[in-house]
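Structure first, commentary second.
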Amino acid sequence: MEYDFRKIEQEWQVRWKLNKTYKVFNDAAKPKYYVLDMFPYPSGAGLHVGHPLGYIASDIYSRYKRLKGFNVLHPMGYDSFGLPAEQYALETGQHPAVTTEKNIATFRGQLDKIGFCYDWDRAIKTSDASYYKWTQWIFLQIFDSWFNRITNRAERIAGLVKIFETEGNLQHACPGDKVQIFAAQEWNNLDEKTKQEILMDYRLTFSAYGEVNWCEALGTVLANDEVVNGVSERGGHPVEKKKMRQWYLRITEYADRLLEGLERIEFSDAMKEMQKNWIGKSQGAEMDFAIRDHDQLLRVYTTRPDTIFGVDFMVVAPEHELVKQITTAAQKREIDNYLTYVKSRSERERLAEVKQITGCFTGAYAINPFDGREIPIWIAEYVLAGYGTGAIMAVPCGDQRDFGFARHFNIPITNIIGSYFNGEEANATKEAILQNSGFLNGLLMKDAISVAVNKIEELRIGTRKVNFRMRDAGFSRQRYWGEPFPVIWQDGVAIPLDAVELPLELPHVDKYGPGPNGEGPLANIEDWVNLIPNASPKERGTGEVKRETSTMPGYAGSSWYFLRYMDPENTQSFCDRKASDYWGQVDIYIGGTEHAVGHLLYSRMWTKILFDLGYIGHDEPFKKLVNQGMIQGSSRYMYRVSPVIITADGFDQALLPYIFISKSIADKLELEDKLAYENTMKFAERSLADVYGDWVITITGISILKTHVDVNFVDGLELDIDQFKKWRNGEYANAKFINEDDGTYICGVETEKMSKSKYNTVNPDILVDKYGADTFRMYEMFLGPVEQSKPWDTKGIEGVHRFLRKLWRLFYDEGKGKLWNENKATDAELKVLHRSIKKIEEDTERFSFNTAVSTFMICVNELADLKCNKKEVLENVLILLTPYAPHIAEELWNRLGNSNSILDAAYPVFDGKYLVESSKEYPISINGKVRANINLALSLEQAEVEKIVLENEVVQKWLDGREPKKIIYVKNKMVNVVI
RNA sequence: GCCCAUGUGGCGGAAUUGGUAGACGCAGCAGACUCAAAAUCUGCCAUUCGCAAGGGUGUGAAGGUUCGAUUCCUUUCGUGGGCACCA
């Protein structure tokens, strides 16, 4: 009776489905536990072995928690809106809904083979109207909210209107327009449109103008992804910045709450660090500089007001509105040229560029209010309009980028930090005593900061200011395949749809190309966009009425999906409060670090808003986050020889034969090995002669081209030449090879991202077919820690498969049949069992699945050595194994005579009494190096140990008659003799 | 460029709190079983010197703290991820 994994796995998958083994109910009898995987986008390429890594980890943890007596919610669904499907639609004309559905079916099929315990009845798709109805509904709630900085939470707009009507906005500075200040009476006298415009500056989702990547040739807005080196990825057309009306999430209002919340959740320090840096809270000062010959003031933000006397120039963002006004006639041309250059640059490029310093002098001068010095005002791409005030005061002796700039443009540098500045590079210290610094002279820099700010405030030329690097999040896309905004525009005022009008369904389009003026494809559907006034439930007046034609970004649907799983079929609300109160936070969230600052910040923000508005009872969505590493591809390379040929008339390039040389020969050529070169040349000549016959062909040289070859027909490093010849419809059928001496072709290796184009993807289906899901699951875990990135190599999978077969052989023998019995277990057997229970439980708890798999192997090896076939022991091993290899565990559990599912068994309880030891083999070190081992009773104290150790032959030899300086004895660890 | 992670045998990795570096597995080598192969089992397997006993070296590199460092600190190099419209 052998381990027939194909039959076992298929049978159990069917039975689990029929018995609804994974169905989860929202009942409170058991303690709840919520395990969540990051929302996948169903890509057309299908799964490769890297994708299920996190899913297997969460599946193991879910099953483990269930065995431990929890009611476990472990759902899966699809983040099914997104750019790739739309891109595919543009290319093939197929509707994204159709291709997405197809991709989902593939995805589901692949997941099912691996035997996950998802409750598929709770599956959701963000592109389903029944789902995005609620995404739109939440959008409307956010639209109807503002952030009250006094109560520190989101509140309804109606409340804000009341405040304006009674006290104006004196208590509530406008986040969108800082100069907007009015009293109650002024507010009451405003017309409706102006009122709405002001309210827009408070709303937590709002519409305003922002810059996008505009590609004139394609007539469309491009994602950063689609812009490569300043031109469009498709077609290579120029891309420039363009201002367009956009929707935003006012996430900056939540900056402090997002920072504070980090204290209460279990994310890795690295993850928290990334979010903190993204939010980028800094303390500093804003101050105004007068500009020579102008009335306007130049406002800068600085975190180092102590360096005010070291300011040698100002740098203003090229987009800054003052630039046009202050540029002198003499500099105008140069500035215009520079502005054109900057327009073509992406933000990333602007910030990353350090080698090539660019900038341009405006001709204007700011006045230092403390010493009256005239400071030249420059513009440079490294200052962005969106950060701070869009202008900085440059202190070359203290800031490296300012220093480089000053050097490059020959701007004289003032040293205010004495010997701390060496003239060769800037020094950002806060420890220097200030010099050349007027009233700050003699002060330590870190003390001078507040002295300087106080003075600035006293002179009323600036204020203390907390600044955030984070910006409001762009929330609209000029695309088709996303949630339509439930908003109508009338006379420039955005009017939200009524909740009863939701969902606003995505209309069908025939073409996916952009609309007019860079609008999204929806703008092309005139009868959808243009509405008849007064036709809807709300009074809409008589003006021009149009729908918003942008759609929401990918992160809209994924910012709240974890709530929908709790109550997926609810038609009355996005999630019943009872359900969200029961399930609460996601207890464990597993996913990649690539979401560190996008999804993980947006979903935290949405949760906080829903909490503030009273729809849910918790304000952090994820209690604990585990980051899974990436599985990288291990690419294989072939070395192709291209002969350089002098051709004659009528030479047919198409006949050129493929010639490949094995790795060691390529290596030799690389080292300019003469013999290898000549041999290769001769080989190439002969190969050409075979093809071209009589043609006289002279080869003048060869070049080597490294090309990817599909890893699926390379065994280790050795190419399967027959398979290779069949690749790509026989393109290489006549390829010629120079092999190694033993006749094999050896490929080169490199680790890189797993992707189709690199031919290094490995499909899990093939492995599951060949070895079974249980083997596949355990092997993925065995590869290494979940958190770590590692290259995939299929080779080792045999070892895990052998382990499962060995486990099977503890129960059944191919020849003898049933081996398991009901005999009483010995102490030695129980010791193996309990040691395994302890280690596997600990390892599973701390997500150290790779070491748990090792422990299973050790356990089975030891039980096999002990010839233990006892049900008493094996039954417990099966329960331990269930989370990792559910099919084989269930099958053997069943064969042991159990009628219930092993998932409803009780997890074995560790009992320390089987592990008690009275002595230990201690390593004895001399000066930290182990020289001997002595078996010592654990009860011994320092003095007794010293005596025994000093009597030891090896120790005496090393002492060589000397007295030891010290003997360190750490109970249950080691002994170190210091000489 | 900035932020984060990471670096240990031929390979994936282990060493959980500063305490025997290399568990477990792959690959490799030798052997048993077999007509043979597969499967299975046994042994060896960081490197170097040595017949051996035993010794030297060794966790990317260079320093440091410590009786003792893969683990802590400083500097530095390589690789991977993110950087606001991929999801």
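Residue numbering for the first sequence is -16 to 962, as defined by the numbering used here. Just so it is clear, CB atoms sit at the ideal spot from N, CA and C, and this is done for glycine as well. This structure is a prediction, so every number in the text was calculated from the model and none was measured.
Exercise. Does the distance from the C-beta atom of A368 to that of V298 stay below 9 angstroms?
Worked result: Not closer than 9 angstroms, so no.
Problem set entry | Status (buried if at least 16 other CB within 10 Å, exposed otherwise) for E946 | Result: exposed.
Exercise. What residues in its chain sit with their C-beta under 7 angstroms from that of Q119, if we drop five residues either side in the sequence?
Worked result: If we look at Q119 and ignore the five residues flanking it on each side, its Cβ neighbours are E466, P469, L485, P486 and L487.
Exercise. Who are the Cβ neighbours of G213 in its own chain at under 8 angstroms, not counting the five residues just before and after it?
Worked result: Within the same chain, P221, V222, S327, R328, S329 and E332 come within 8 angstroms of G213 by CB-CB distance, once the 5 residues on both sides are set aside.
For this session: State buried or exposed for T75, treating a residue as buried only when at least 16 other CB atoms are found within 10 Å of its CB.
Result: So T75 counts as exposed.
For this session: Confirm, please, whether the CB-CB distance from G159 to A200 is below 9 angstroms.
Result: Not in contact: A200 and G159 (Cβ atoms no closer than 9 angstroms).
Problem set entry | DSSP three-state assignment for D698, whether helix, strand or coil | DSSP places D698 in strand when its eight states are reduced to three.
For this session: Closer than 7 angstroms by C-beta to R228: which residues in its own chain qualify, once you throw out the five before and the five after it? Chain order, please.
Result: Same-chain partners within the cutoff: S190 and Y192.
Exercise. Leaving out the 5 sequence neighbours to the left and right, which residues in its chain are closer than 8 angstroms to I704 when beta-carbon positions are compared?
Worked result: Answer for I704: F720 and Y728, listed in chain order.
Exercise. Would you call the stretch 180 to 190 and the stretch 150 to 164 in contact, with 3 or more CB pairs under 8 angstroms?
Worked result: With a cut-off of 8 angstroms, the stretch 150 to 164 and the stretch 180 to 190 count as touching, because enough Cβ pairs lie within range.
Exercise. Which runs of the alpha helix (DSSP H) fall wholly inside the stretch 28 to 102 and span at least 4 residues, in chain order?
Worked result: Here the runs fully enclosed are 35 to 50, 66 to 75 and 79 to 97.
Problem set entry | Helix, strand or coil at R384 [DSSP, three-state] | In the three-state reduction of the DSSP assignment, R384 falls in the helix class, which pools H, G and I.
Problem set entry | Residues near E797 by beta carbon distance below 7 angstroms, same chain, minus five either side | Cβ neighbours of E797 beyond the five flanking positions: M(-16) and E(-15).
Exercise. If you scan the stretch 173 to 213 from start to end, which runs of the beta strand (DSSP E) of 3 or more residues do you find wholly inside it?
Worked result: Assignment of beta strand (DSSP E) within the stretch 173 to 213, counting only whole runs of 3 or more residues, yields 188 to 198 and 203 to 205 in chain order.
For this session: Leaving out five residues on either side along the sequence, give the residues of the same chain with a beta carbon under 7 angstroms from the beta carbon of K741.
Result: In the same chain as K741, and ignoring 5 residues on each side of it, the C-beta atoms closer than 7 angstroms to its own belong to G616, S618, H691 and E735, in chain order.
Exercise. At what residues does the alpha helix (DSSP H) containing F794 begin and finish?
Worked result: Annotation for F794: the continuous alpha helix (DSSP H) segment containing it runs I780 to F794.
For this session: Would you list, in sequence order, the uninterrupted beta strand (DSSP E) runs of no fewer than 3 residues that lie entirely inside the stretch 591 to 647?
Result: Those beta strand (DSSP E) runs which fall completely within the stretch 591 to 647 and span 3+ residues are 608 to 611, 614 to 629 and 642 to 644.
Problem set entry | Unbroken stretches of the beta strand (DSSP E), 3 residues or longer, contained in the stretch 448 to 481 | Note on the stretch 448 to 481: whole beta strand (DSSP E) runs with a minimum of 3 residues are 470 to 473 and 476 to 479, in chain order.
Exercise. Apart from the five residues on each side of it in sequence, which residues of its chain come closer than 6 angstroms, Cβ to Cβ, to S459?
Worked result: Closer than 6 angstroms at the Cβ level, and outside the excluded window around S459, lie Q229, W230 and S533.
Exercise. Using the rule of at least 16 other Cβ atoms within 10 Å of the residue's Cβ for burial, across every protein chain shown, is Y538 buried or exposed?
Worked result: Y538 counts as buried, since no fewer than 16 other beta carbons sit within 10 angstroms of its beta carbon.
Problem set entry | Nonlocal neighbours in the same chain, by C-beta distance under 6 angstroms from I87, ignoring five residues either side | Here the set comprises P25 and Y61.
Exercise. Expressed to the nearest angstrom, what Euclidean distance is found between the alpha-carbon atoms of L639 and I97?
Worked result: Taking the straight line from one Cα to the other gives about 45 angstroms.
Problem set entry | Sequence-distant residues of the same chain with beta carbon closer than 6 angstroms to N398, five excluded per side | Excluding sequence neighbours, N398 sits near C380 and F404.
Exercise. Apart from the five residues on each side of it in sequence, which residues of its chain come closer than 7 angstroms, Cβ to Cβ, to E858?
Worked result: If we look at E858 and ignore the five residues flanking it on each side, its Cβ neighbours are L879.
Exercise. Per DSSP, what kind of secondary structure is Q124 in: helix, strand or coil?
Worked result: When secondary structure is reduced to three states using DSSP, Q124 falls in the helix class.
Exercise. Can you tell me whether DSSP reads C842 as helix, strand or coil?
Worked result: C842 falls in the helix class under three-state DSSP.
Exercise. In this structure, does DSSP put M227 in helix, strand or coil?
Worked result: The answer is strand: DSSP assigns M227 an E or B state.
For this session: Report the rounded CA-to-CA distance for D943 versus L919, giving the unit in angstroms.
Result: Distance between the alpha carbons of D943 and L919 is about 23 angstroms.
Exercise. What three-state label does DSSP hand R328 in the structure shown?
Worked result: Secondary structure of R328 (DSSP, three-state): coil.
Exercise. By a C-beta neighbour count over all protein chains shown, 10 Å radius and 16 as the cutoff for buried, is H578 buried or exposed?
Worked result: Looking at its Cβ environment, which holds 16 or more other Cβ atoms inside 10 Å, H578 is buried.
For this session: Look at the alpha carbon of E927 and the alpha carbon of L933, and state the distance between them as a whole number of angstroms.
Result: About 10 angstroms.
Problem set entry | the stretch 31 to 40 in contact with the stretch 742 to 761 per 3-pair CB rule at 8 angstroms | The answer is yes - the stretch 742 to 761 touches the stretch 31 to 40, with three or more Cβ pairs under 8 angstroms.
For this session: Would you check if the distance between the CB atom of A312 and the CB atom of G346 is smaller than 9 angstroms?
Result: Taking 9 angstroms as the Cβ cut-off, A312 and G346 qualify as a contacting pair.
Exercise. Taking the alpha-carbon positions, what's the Q(-7) to A889 distance?
Worked result: In a straight line, the C-alpha of Q(-7) is about 25 angstroms away from that of A889.
For this session: State the start and end residues of the unbroken alpha helix (DSSP H) segment that holds D724.
Result: Annotation for D724: no alpha helix (DSSP H) segment contains it, and DSSP assigns it neither H nor E.
Exercise. Taking C-alpha atoms, which residue in A80, K225 and L56 lies nearest to K6?
Worked result: Taking only the C-alpha atoms, the option nearest K6 is L56.
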